[in-house]
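Residue numbers (the numbering used here): 426 to 711. Read the structure below first, then the notes.
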């Protein structure tokens with residue numbers, strides 16, 4: 426009989442049980458998706474854009490190309506790429522692929538240079554990916570419709586691929602739709618397998634240099650996936666991950682928001698008087 430185990434984090438509800446075979450399949454799917462990204466540039470483009478397109482607004486620069494979305498904020502690379510895949514059941518092939526959409530699709534850039542939309546008519550239905558720079562945010566909208574009768578399996582969406590150097594000394598805070606923190610987890614020095622924290626409406630990656638905020642709009646959710654393993658090569662880091670639902674015969678729309686904020690100010694030492702003329706220093710933590 427196949428053994429199954431439940432995944433959980435302290436203080437959070439237990440997630441649905443998964444078998445070791447399913448965990449292996451999930452790990453394989455991540456490797457497969459990255460492989461598809463690495464070979465995308467080597468596949469002849471027909472009729473894909475001749476070159477990636479770049480947007481600029483305020484502190485943001487965004488480049489949309491065959492390896493997904495690259496983002497920089499004030500000259501610092503926040504994301505090296507992204508991908509979106511709808512797999513067939515049991516990860517047996519792909520139903521939708523952002524790399525295939527790039528090869529088959531076209532990209533339109535708004536007149537003000539702040540929005541780019543990739544659209545493609547894929548064998549299993551229409552697909553579009555939009556990135557828009559609005560004020561201090563980058564907004565992502567993914568829209569797809571799966572044709573009737575197409576078997577649909579797991580969905581994987583790597584919204585960003587935050588470079589490994591940016592996550593050092595980081596702390597991840599997961600929060601719910603009310604903005605309440607439901608989980609706080611330091612980024613471990615050693616890579617772990619799978620997610621670094623449970624999913625939520627959004628999460629904030631806090632480091633001494635900045636805060637990177639990733640939020641799922643509407644009814645979506647996101648979680649931080651640990652991609653600091655060697656098999657991810659130059660894309661190693663922490664990937665904000667989501668799994669929007671996709672069903673045959675229906676449309677899926679998933680929207681996300683990215684924001685970069687200044688770091689929290691350092692906490693100053695306080696003073697606690699324990700007894701007359703006995704003073705101790707203290708720093709609030711937690």
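Positions of the beta carbon are idealized from the N, C-alpha and C atoms, including for glycine. Just so we're clear, the structure is a prediction, and the values are computed from it rather than from any experiment.
Proximity of residue i and residue j at Cβ, strictly below 8 Å
i	j	result
residue 596	residue 608	no
residue 489	residue 532	yes
residue 562	residue 692	no
residue 507	residue 583	yes
residue 632	residue 591	yes
Close Cβ partners of residue i (< 6 Å) along its chain, the five nearest in sequence each way excluded
i	result
residue 653	589, 616 and 661
residue 486	497
residue 523	508 and 509
residue 478	489, 532, 534 and 541
residue 602	626
Contact set for residue i: own chain, Cβ-Cβ below 7 Å, skip 5 residues either direction
i	result
residue 643	680
residue 552	521, 526, 545 and 569
residue 611	596
residue 672	571 and 577
Sheet register partners of residue i (DSSP bridge)
i	result
residue 625	647
residue 487	480 and 496
residue 679	567
residue 542	533 and 555
Simplified DSSP state of residue i, which is helix, strand or coil
i	result
residue 476	coil
residue 594	coil
residue 523	helix
residue 451	Confidence at residue 451 is low in this model, with a pLDDT of 48, below 50, so its placement is unreliable and the value that follows should be read with caution. Here residue 451 sits in helix by DSSP.
residue 573	coil
residue 684	strand
residue 618	coil
residue 502	strand
residue 656	helix
residue 609	strand
residue 665	strand
Q: Tell me, please, whether the segment 507-516 touches the segment 568-582 by the rule of three or more beta-carbon pairs shorter than 8 Å.
A: yes
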